[in-house]
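Here's the structure we're looking at; comments come further down.
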Amino acid sequence: MKTNKGQRRPRHRSAAPVSGRRQRVAAGYPGTVRIIAGTWRRRRLIVPKVRGLRPTPDRVRETLFNWLDPWLPGARCIDLFAGTGALCLEALSRGAASAVMVEASPDVAVALRENVARLGATAALVVECDAIEYLQRPPTLFDIVFLDPPFESELIASSSELLEARGWIRPGGLVYVEAPREMKELPIPPSWAVLRSQTAGQVGYHLLRTPR
Numbered sequence: 093m094k095t096n097k098g099q100r101r102p103r104h105r106s107a108a109p110v111s112g113r114r115q116r117v118a119a120g121y122p123g124t125v126r127i128i129a130g131t132w133r134r135r136r137l138i139v140p141k142v143r144g145l146r147p148t149p150d151r152v153r154e155t156l157f158n159w160l161d162p163w164l165p166g167a168r169c170i171d172l173f174a175g176t177g178a179l180c181l182e183a184l185s186r187g188a189a190s191a192v193m194v195e196a197s198p199d200v201a202v203a204l205r206e207n208v209a210r211l212g213a214t215a216a217l218v219v220e221c222d223a224i225e226y227l228q229r230p231p232t233l234f235d236i237v238f239l240d241p242p243f244e245s246e247l248i249a250s251s252s253e254l255l256e257a258r259g260w261i262r263p264g265g266l267v268y269v270e271a272p273r274e275m276k277e278l279p280i281p282p283s284w285a286v287l288r289s290q291t292a293g294q295v296g297y298h299l300l301r302t303p304r
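Numbering (the numbering used here), first residue to last: 93 to 304.
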C-alpha cells in the first residue's frame with residue numbers, strides 16, 4: 093500500500109519497507125501468487141515478505157476478471173497501488189494492450205520489476221512513485237483503473253477525486269475498488285455507477301463505471 097507525502101499515511105500494500113532486515117509477516121503468507129488465465133496462465137508472481145502487502149486473493153481476481161472480460165481486449169490499464177502487479181499482469185495476460193503499475197515502496201517495486209522481467213511483459217511500465225503524487229502529473233486516458241489502497245487510509249476518496257477531476261479515465265471507463273467489507277458507502281464521485289459488488293472474507297470489491 094502507498095503513502096502520501098506530507099500526510100504520513102501507510103504505504104500502499106507495503107506498509108513497512110524491507111530495508112535489508114527481515115519483517116514479521118503472518119503465518120501462511122504467500123510466497124507467490126498465480127496468474128489465472130491467458131498467455132501467462134499458471135505463471136507465478138513473487139510476493140515479497142513485506143509487512144502490509146495484501147495481494148488480491150485468487151478467487152476475487154477470478155471473479156473480477158470474469159466481470160472485466162468484455163472490456164479487456166486492447167484496454168489501457170493502470171494500478172495505482174500495484175504491489176505484486178497481479179491485477180495489471182493478469183489484465184495483460186488476458187489481452188489488455190498496456191499497463192502502468194504505480195508503486196510507492198522501493199522494496200516492493202524491485203520485486204514488481206522482477207515479475208515483469210520474468211514474464212517478458214514488454215507492455216508493462218513500473219513507476220516508483222506515490223499514487224497521489226502520480227495523479228498530479230499531466231493526465232493520460234486509461235480504460236481500466238485498479239484502486240486497492242491500504243484499508244486504514246483515506247486513499248480511495250483522494251485517489252478517486254483526482255482521477256475524476258484531472259481526467260485520467262476515458263468516458264465510460266471502469267474503476268475497480270477494493271475496500272473493507274464494512275464500508276457500505278464508497279467515498280467515490282457521485283457520478284460513478286456501481287456495476288458489480290461482492291464480498292469475500294473481510295474484503296468488499298466493486299466494479300464502477302464513469303460517465304460516458
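A virtual CB, placed ideally from N, CA and C, is assigned to each residue, including glycine.
Quick one: what's V194 bridged to in DSSP?
-> Indexing the sequence shown from 1 puts residue 194 at position 102. Answer is V219.
Pick out whichever of A249, Q228, E256 and Y268 has its Cα sitting closest to the Cα of L239.
-> Position 147 of the sequence shown holds residue 239. In terms of CA proximity to L239, Y268 leads the group A249, Q228, E256 and Y268.
Between the CA atoms of V202 and V139 - distance to the nearest angstrom | Counting from one through the sequence shown, the residue named residue 139 turns up at place 47. Counting from one through the sequence shown, the residue named residue 202 turns up at place 110. Take the alpha-carbon of V139 and the one of V202: they are about 11 Å apart.
Rounded separation between F234 and K141 - CA only | For the purposes of this step, residue 234 is taken as the residue at position 142 of the sequence shown. For the purposes of this step, residue 141 is taken as the residue at position 49 of the sequence shown. Distance between the alpha carbons of F234 and K141 is about 31 Å.
Indicate whether at least one CB of chain C lies closer than 8 Å to the CB of V152.
-> Given the protein chain composition of this structure (a single chain), no chain C is represented.
In whole angstroms, what is the alpha-carbon distance linking L156 and V237?
-> Taking the first residue of the sequence shown as position 1, residue 156 is located at position 64. Taking the first residue of the sequence shown as position 1, residue 237 is located at position 145. Cα to Cα, the separation comes out at about 13 Å.
Would you tell me roughly how many angstroms separate the C-alpha atoms of R134 and A178, rounded to the nearest one?
-> Your numbering for residue 134 matches position 42 in the sequence shown. Your numbering for residue 178 matches position 86 in the sequence shown. Straight-line Cα distance between these residues: approximately 12 Å.
Relative to the C-alpha of P282, which residue among M275, L300 and T291 is closest?
-> Residue mapping note: residue 282 aligns to position 190 of the sequence shown, counting from 1. Of the listed residues, the one whose Cα sits closest to P282 is L300.
Locate the alpha helix (DSSP H) running through S185, then write down its first and last residues.
-> Within the sequence shown, residue 185 is the residue found at index 93, counting from 1. Unbroken alpha helix (DSSP H) run through S185: A178 to S185.
Take E246 as the anchor and find which of G259, G175 and E270 has the nearest alpha-carbon.
-> Residue mapping note: residue 246 aligns to position 154 of the sequence shown, counting from 1. Of G259, G175 and E270, the residue nearest in Cα terms is E270.
Based on Cα-Cα distance, which residue from Y297, E195 and H298 lies nearest to L227?
-> In the sequence shown, the residue the question calls residue 227 occupies position 135. The option with the nearest alpha carbon to L227 is E195.
Should the region 173-193 be called in touch with the region 123-131, which here means at least 3 C-beta pairs below 8 Å?
-> yes
As assigned by DSSP and simplified to three states, the class of D235 = In the sequence shown, the residue the question calls residue 235 occupies position 143. Three-state DSSP puts D235 in a strand.
Alpha carbon of R146 to alpha carbon of G293, nearest angstrom | Indexing the sequence shown from 1 puts residue 146 at position 54. Indexing the sequence shown from 1 puts residue 293 at position 201. Approximately 13 Å, taken between the alpha carbons.
Rounded straight-line distance, which links the Cα of G296 to that of A191 | Against the sequence shown, residue 191 aligns to sequence position 99. Against the sequence shown, residue 296 aligns to sequence position 204. Approximately 24 Å, taken between the alpha carbons.
Pair within 8 Å by beta-carbon distance, S250 and I280 | Position 158 of the sequence shown, counted from the start, is the residue given in the question as residue 250. Position 188 of the sequence shown, counted from the start, is the residue given in the question as residue 280. Their beta carbons are not under 8 Å apart, which means S250 does not touch I280 by this criterion.
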